[in-house]
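Positions in the sequence shown are counted from 1; adding 9 to them yields the numbering used here. No residue lacks a Cβ here, since even glycine has one placed at the ideal position from N, Cα and C. Keep in mind it's a predicted model, so treat the numbers as computed, not measured. First up is the structure itself, then whatever we jot down about it.
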Amino acid sequence: MLVVSGSSCKHIAEDMAKILNCEHHSLEARRFPDSEGYFRVPEASIEEIRSNPVILVSNTFPDSCIVETLLLLEAIIDVRKGNLADIRGKGIDCEAIGPGIYLAIPYFGYSRQDKRFNQGEAVSARAIGMLLSSKCDGITVLDLHAPEVLENLPVKVSFASSMREIATYLESEIKPDFILSPDKGAIERASFVAETIGCKFSYLEKTRIDAHTIVHKAKDLDVNGAIVTIVDDMISTGGTICRASEALREQGAKAVFAACSHGLFTGGAISKLDQFVDGIIASDSLKNPRSVVSSASALCRGINKLIEK
Ligand code: R5P
10 MLVVSGSSCK
20 HIAEDMAKIL
30 NCEHHSLEAR
40 RFPDSEGYFR
50 VPEASIEEIR
60 SNPVILVSNT
70 FPDSCIVETL
80 LLLEAIIDVR
90 KGNLADIRGK
100 GIDCEAIGPG
110 IYLAIPYFGY
120 SRQDKRFNQG
130 EAVSARAIGM
140 LLSSKCDGIT
150 VLDLHAPEVL
160 ENLPVKVSFA
170 SSMREIATYL
180 ESEIKPDFIL
190 SPDKGAIERA
200 SFVAETIGCK
210 FSYLEKTRID
220 AHTIVHKAKD
230 LDVNGAIVTI
240 VDDMISTGGT
250 ICRASEALRE
260 QGAKAVFAAC
270 SHGLFTGGAI
280 SKLDQFVDGI
290 IASDSLKNPR
300 SVVSSASALC
310 RGINKLIEK
C-alpha cells in the first residue's frame, strides 16, 4: 500500500500512511501563472506506484481540487499502465499492471447538490462521483452529506465517519450533557455521538429560506443548565448553528458548543459563530483554525472497508 497526495490533503495523507504502516509520497501539484494546474508523478515515486495499491487522498473542494483530483488520478493511471516515455525520450514504456487505485475524499464538495431540486438542474454530486469513478477502482468518502447520491456508482464506494473521533474529543474536552442535531439530516450522526458519550439527544426541524436564512420550528428541549453540543456534518455560513444556539440559550442551556466534520466557515463564519457558541470543534477534512480532530483513522477504516468489499 502507498498513500499519495497533491496540494489539498497532505496532512491527512501523512497521518493515514502512519496508521496503515506504509509510505506517503507527495505528488507534484502546482499552478501556472494563468491558474491552470500542473500535475505529475515524480520520477522517484514511479516504482512505488507501480508496485503497490495506491490511495490518493484528495478533496473535491474548492472547484480547482476537482480538476486536481481527476488529473492526479490520470497521472497515476498512466504510470500504472506503463505509459512512461516522454517527448524528450526519457523513460521507456513498459507493461501495464492491474487495478489498485483508490481515492479517499475527506471533503466531497458539491455534496449538498444531491437532488434535482428544480427542473433543469445538474445533480452535481452524482455527476462528480461519476467522473471520479471513471479514474479509480474504489472511493471512500468521509461524512458525505447524503450517501445515497453515490450509491450504484460503477466502482466500489465506502462511507467513513469521523463522528467516533468527534465523540471521543467531546467526551474528554467538553463533557456535554446533551447533543442536538440542528436538522433532521444530521440525526444519524448526532445521535451516534450522543449514544457514544451516553448523553441526552434531540433534534430541531429546520427550514432553509435561502443560503443565509434558516428558521427552526419551536420545540421544548430539556436543556436547562445543560452543556450542549450541536453536531452537524458541515458548517458553512454558520447560520444553522447560530439559530440552533439561540433556541438552546432561550431554553436555559448553560453552554453551547458546535461540532462538525467539515468546517467550511465561509464569509466570516467563525467570528459570527464566536458570538453564539462557546467553542467550535471540526475535523481536519478541511484546513481551518478549528480543526482539532484528525480524520485519518476514519478514512483508513473506509479504505479497509473498500478493500474487504
Ligand atoms: C445542511 O443540511 C447541512 O447539514 C448543514 O446544516 C448546512 O450546510 C450548514 O450550513 P450553514 O452553516 O450555512 O447554515
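Per DSSP, residue i is paired with what?
i      : result
Ile148 : Leu112, Val166
Thr222 : Asp219
Asp241 : Cys269
Gly288 : Phe266
Leu65  : Val13, Leu112
Ile188 : Phe210, Thr238
Ser303 : The partner list for Ser303 (beta bridge, DSSP) is empty, contrary to what the question assumes.
Beta carbon of residue i: closer than 7 Å to some heavy atom of the ligand R5P?
i      : result
Asp146 : no
Thr222 : no
Pro42  : no
His154 : yes
Asp192 : yes
Ala195 : yes
Met243 : yes
Arg125 : no
Arg121 : yes
Cys249 : For clarity, residue 249 is Thr in the given sequence; the question names Cys instead. Within the cutoff, so yes.
Thr177 : no
Thr205 : no
Thr246 : yes
**Q.** Cβ contact (3+ pairs, closer than 8 Å) linking the region 33 to 46 and the region 13 to 24
**A.** At 8 Å Cβ cutoff, the stretches touch.
Q: For the region 94 to 143, list the alpha helix (DSSP H) runs that are entirely contained and at least 4 residues long, ordered along the chain.
A: Contiguous alpha helix (DSSP H) elements confined to the region 94 to 143 occur at 133 to 142, taking only those with 4 or more residues.
Q: Report the residue ranges of all beta strand (DSSP E) runs contained in full by the region 25 to 57; include only those spanning at least 3 residues, in chain order.
A: Listed in chain order, the beta strand (DSSP E) elements of length 3 or more contained wholly in the region 25 to 57 are 32 to 35, 37 to 40, 46 to 49.
Q) With contact counted as at least three CB pairs below 8 Å, one residue from each stretch, are the region 159 to 171 and the region 124 to 133 in contact? A) Under the Cβ criterion (8 Å, minimum of three pairs), the region 159 to 171 does not count as touching the region 124 to 133.
Q.
Contact between the region 207 to 225 and the region 175 to 187 is defined here as three or more beta-carbon pairs at a separation below 8 Å; is this criterion met?
A. Put simply, the region 207 to 225 touches the region 175 to 187. At least three CB pairs are less than 8 Å apart.
Q. Per the contact definition of three or more C-beta pairs closer than 8 Å, is the region 154 to 163 in contact with the region 102 to 112?
A. Output reads no: the region 154 to 163 does not touch the region 102 to 112.
Q: Count the CB pairs spanning the region 285 to 302 and the region 85 to 101 that are closer than 8 Å, and state whether there are at least three.
A: In short, these stretches do not touch, since the Cβ pair count stays below three.
Q: Taking 8 Å as the threshold, find out whether the region 39 to 47 comes into contact with the region 62 to 69 through three or more Cβ pairs.
A: Touching, no.
Q: Pair every Cβ in the region 48 to 59 with every Cβ in the region 150 to 158, then say whether three or more of these pairs are closer than 8 Å.
A: Flag = no, the region 48 to 59 and the region 150 to 158 do not touch.
Q. Is the number of C-beta pairs between the region 196 to 203 and the region 225 to 236 that are closer than 8 Å three or more?
A. These segments do not touch.
Q: Flag this pair as touching only if the region 264 to 273 and the region 235 to 249 have three or more C-beta atom pairs under 8 Å; answer yes or no.
A: Yes, they touch.
Q: Answer yes if the region 307 to 316 comes into contact with the region 25 to 32, meaning at least three C-beta pairs across the two stretches below 8 Å, and no otherwise.
A: Judged by Cβ distances under 8 Å, the region 25 to 32 makes contact with the region 307 to 316, as three or more pairs qualify.
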